[in-house]
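The structure appears below as structure tokens.
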Amino acid sequence: MAEDQEAGEKEQELSSDEAEELERLLENAGEEGAEGGGLQGLKAKFNKILSNKKLLMIYGGGLLILILSIGAGVYFLLGKEEAEVVPIEEQAVEEEIVEEEETKIEKVNIYNLDLFFLPILDGGKETGQFISIKPNLLLSNRVLNREIDKVLPLLRKSIYNILRRKRPADFTLKRSHTEERIKKEILTASNALLLSGTGTITDVYFTQFMVK
Numbered sequence: 072m073a074e075d076q077e078a079g080e081k082e083q084e085l086s087s088d089e090a091e092e093l094e095r096l097l098e099n100a101g102e103e104g105a106e107g108g109g110l111q112g113l114k115a116k117f118n119k120i121l122s123n124k125k126l127l128m129i130y131g132g133g134l135l136i137l138i139l140s141i142g143a144g145v146y147f148l149l150g151k152e153e154a155e156v157v158p159i160e161e162q163a164v165e166e167e168i169v170e171e172e173e174t175k176i177e178k179v180n181i182y183n184l185d186l187f188f189l190p191i192l193d194g195g196k197e198t199g200q201f202i203s204i205k206p207n208l209l210l211s212n213r214v215l216n217r218e219i220d221k222v223l224p225l226l227r228k229s230i231y232n233i234l235r236r237k238r239p240a241d242f243t244l245k246r247s248h249t250e251e252r253i254k255k256e257i258l259t260a261s262n263a264l265l266l267s268g269t270g271t272i273t274d275v276y277f278t279q280f281m282v283k
């Protein structure tokens with residue numbers, strides 16, 4: 072009987088220990104359950120961050136494509152403008168060509184005569200007035216320069232005779248009228264001295280025309 076009672080007490084003591092162990096296990100299980108919930112919360116936050124990162128990547132990718140498109144457009148426009156810009160060297164060459172052409176136009180087919188200076192007479196008497204002109208002949212071709220050289224003494228004599236025939240009354244008109252009249256007379260007299268077929272003097276203009 073004593074032995075049976077001692078064995079029962081041992082069984083009671085084991086049962087108490089087992090109860091404490093069971094309680095501890097339950098508490099641990101509760102803590103693990105709580106920790107499991109915490110992990111799920113962390114996972115949820117982590118997934119949310121990942122989703123936000125995905126959105127950032129999408130928006131960032133779209134923004135990058137937009138920036139690249141704008142950059143490509145600007146590069147294309149700048150490249151086109153640079154292609155259309157004429158280099159300074161080419162502009163200088165073109166300007167030189169234009170200047171040379173203008174110089175040729177100004178110099179071609181012009182025959183410059185020396186100055187004519189003589190007194191204005193009235194009835195064979197001097198009036199105290201003088202006429203001074205410097206005519207230039209506009210030629211129809213360059214070859215005509217040589218023909219004028221051949222008849223230059225006669226040409227100058229003809230122009231002197233035209234001027235000697237003028238009287239003070241001829242210069243009372245407006246200067247433009249007087250110049251026009253003398254110009255026509257010189258043009259007629261000059262062409263009369265040239266051989267047929269060599270060309271013609273098409274116009275006469277004065278670089279100096281003075282009566283004083």
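Residues 72 to 283, numbered by the numbering used here, are exactly what the sequence shown covers, in order. A virtual CB, placed ideally from N, CA and C, is assigned to each residue, including glycine.
Please report the straight-line C-alpha distance between residue i and residue j, rounded to a whole angstrom.
i: D185; j: K205; result: 6 Å
i: A105; j: G132; result: Only weak support is given to the placement of A105: the predicted model assigns it a pLDDT of 45, under 50, and the question is left unresolved by the model.
i: E197; j: K254; result: 24 Å
i: A100; j: I136; result: Low per-residue confidence applies at A100: pLDDT is 49, beneath 50, and the placement is therefore not dependable enough to give any value.
i: I138; j: G144; result: 10 Å
i: V275; j: M281; result: 16 Å
i: L192; j: F242; result: 12 Å
Between the options, which lies nearest to residue i when the distance is taken from Cα to Cα?
i: Q200; options: P224, S211, L234, G132; result: L234
i: R227; options: F188, G132, L209; result: F188
i: S229; options: I138, Q279, N183, N262; result: N262
i: K237; options: L225, E256, Y146, L223; result: E256
i: L51; options: P224, K254, Y276; result: The requested residue 51 is not part of the displayed model; the chain covers only 72 to 283.
i: T259; options: L208, I191, Y182; result: L208
i: T269; options: N212, T243, G194; result: N212
i: N232; options: V214, L210, N216, P190; result: P190
The beta strand (DSSP E) spanning residue i covers which residue range?
i: T273; result: 272–282
i: S247; result: No beta strand (DSSP E) contains S247, which is instead part of the alpha helix (DSSP H) from 246–263.
i: L215; result: Taken as a continuous stretch (DSSP letters only), L215 belongs to no beta strand (DSSP E), being part of the alpha helix (DSSP H) at 215–235.
i: F242; result: Segment: none, F242 is in no beta strand (DSSP E) and carries neither H nor E.
i: N180; result: N180 -> no beta strand (DSSP E), and no H or E assigned at all.
i: D193; result: 187–193
i: N207; result: 196–210
>> Can you confirm whether the region 211–225 touches the region 240–255 when touching is taken to mean that 3 or more C-beta pairs between the two stretches lie within less than 8 Å?
In response: no
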